[in-house]
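Visitor: What follows is a structure written as structure tokens; I'll ask about it next.
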Amino acid sequence: MSKITDIELYKLARKSAENAYAPFSGFKVGAAILTTGGDVFTGVNVENSSYGATICAERVACTKAVSEGFREFEAIAIATYGGVEASPCGMCRQFLFEFAPKLRVITGKNEDEIEVSNLDELLPKGFRL
Ligand code: THU
69 MSKITDIELY KLARKSAENA YAPFSGFKVG AAILTTGGDV FTGVNVENSS YGATICAERV
129 ACTKAVSEGF REFEAIAIAT YGGVEASPCG MCRQFLFEFA PKLRVITGKN EDEIEVSNLD
189 ELLPKGFRL
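Going left to right, the sequence shown walks through residues 69 to 197 as the numbering used here numbers them.
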């Protein structure tokens, strides 16, 4: 099975952003995480009237995968509905670091301008027990 490209993964993230629940910020985010076996799980930000209860798209994608039994990841793409580049927040960086310190992180305004970095560059010295 040939693996999905970074651009294809980015497009899945952007498509999923349509389902974001972001009535408070209006900032709709989608994420798509790729397992080492080639499976993809998407996620969106889900906001809450109690703002602190909000969860980011990246953590939703990752928790969906983990809850289905997948824990080894290769890449995650993040896209917004409005075409603004979004880089994972600090909490999401730490959350993803738990499973994949070398994760490839794909961001960008659109699929022609994607940027790729590694999670351990975005979160040097991430915490592990
Ligand atoms: N958000 C994400 O889902 N991922 C990011 O990478 C940045 C921030 C969400 C959280 C909140 O619902 C909205 O974007 C504005 O902060």
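Backbone N, C-alpha and C fix where the C-beta goes; we use that ideal spot for every residue, glycine too.
Between Ile144 and Ala121, which are expected to be in contact by the criterion C-beta below 8 Å, what is the C-beta distance as a whole number of angstroms?
Guide: As a position in the sequence shown, residue 144 is number 76, starting the count at 1. As a position in the sequence shown, residue 121 is number 53, starting the count at 1. Cβ atoms of Ile144 and Ala121 stay farther apart than 8 Å, at about 22 Å.
Visitor: Enumerate in chain order the residues of its own chain whose CB-to-CB distance from Phe138 is below 8 Å, with the five nearest sequence positions on each side excluded.
Guide: Along the sequence shown, read from residue 1 onward, the residue named residue 138 stands at position 70. Counting only Cβ-Cβ distances below 8 Å, and skipping sequence neighbours, we find Thr103, Gly105, Asp107, Phe109.
Visitor: Tell me the rounded alpha-carbon separation between Lys170 and Ser118.
Guide: The sequence position of residue 170 within the sequence shown is 102, counting from 1. The sequence position of residue 118 within the sequence shown is 50, counting from 1. Each residue's Cα considered, the two are about 33 Å apart.
Visitor: How big is the Cα-Cα spacing for Gly176 and Glu115?
Guide: As a working mapping, residue 176 is identified with position 108 in the sequence shown. As a working mapping, residue 115 is identified with position 47 in the sequence shown. Answer to the nearest angstrom: the Cα atoms are 22 Å apart.
Visitor: Compute the minimum distance between the beta carbon of Ile146 and the heavy atoms of the ligand THU, and state whether it is under 8 Å.
Guide: Taking the first residue of the sequence shown as position 1, residue 146 is located at position 78. Yes; taking the cut-off as 8 Å, the Cβ of Ile146 has a heavy atom of the ligand THU nearer than that.
Visitor: With respect to the beta strand (DSSP E) encompassing Val134, which residues constitute its N-terminal and C-terminal limits?
Guide: Counted from its first residue, the sequence shown places residue 134 at position 66. Element bounds for Val134: not the beta strand (DSSP E) but the alpha helix (DSSP H), 125 to 135.
Visitor: CA-CA distance, Ala88 and Val112?
Guide: The residue you call residue 88 lines up with position 20 of the sequence shown. The residue you call residue 112 lines up with position 44 of the sequence shown. C-alpha separation (whole angstroms): 5 Å.
Visitor: What do you reckon, is the C-beta of Ala154 under 8 Å from a heavy atom of the ligand THU?
Guide: Taking the first residue of the sequence shown as position 1, residue 154 is located at position 86. Yes.
Visitor: For Gly94, list the residues DSSP reports as bridge partners.
Guide: As a first step, residue 94 must be located in the sequence shown, where it is residue number 26. Note: Gly94 sits in no beta bridge, so no partner.
Visitor: For the beta strand (DSSP E) containing Ile146, name the first residue and the last one.
Guide: For the purposes of this step, residue 146 is taken as the residue at position 78 of the sequence shown. That run of the beta strand (DSSP E) goes 141 to 148.
Visitor: Check whether the region 74 to 92 and the region 152 to 164 are in contact - that is, three or more C-beta pairs closer than 8 Å.
Guide: no
Visitor: Report the three-state DSSP secondary structure of Phe165 (helix, strand or coil).
Guide: The residue labelled residue 165 in the question sits at position 97 within the sequence shown. Here Phe165 sits in helix by DSSP.
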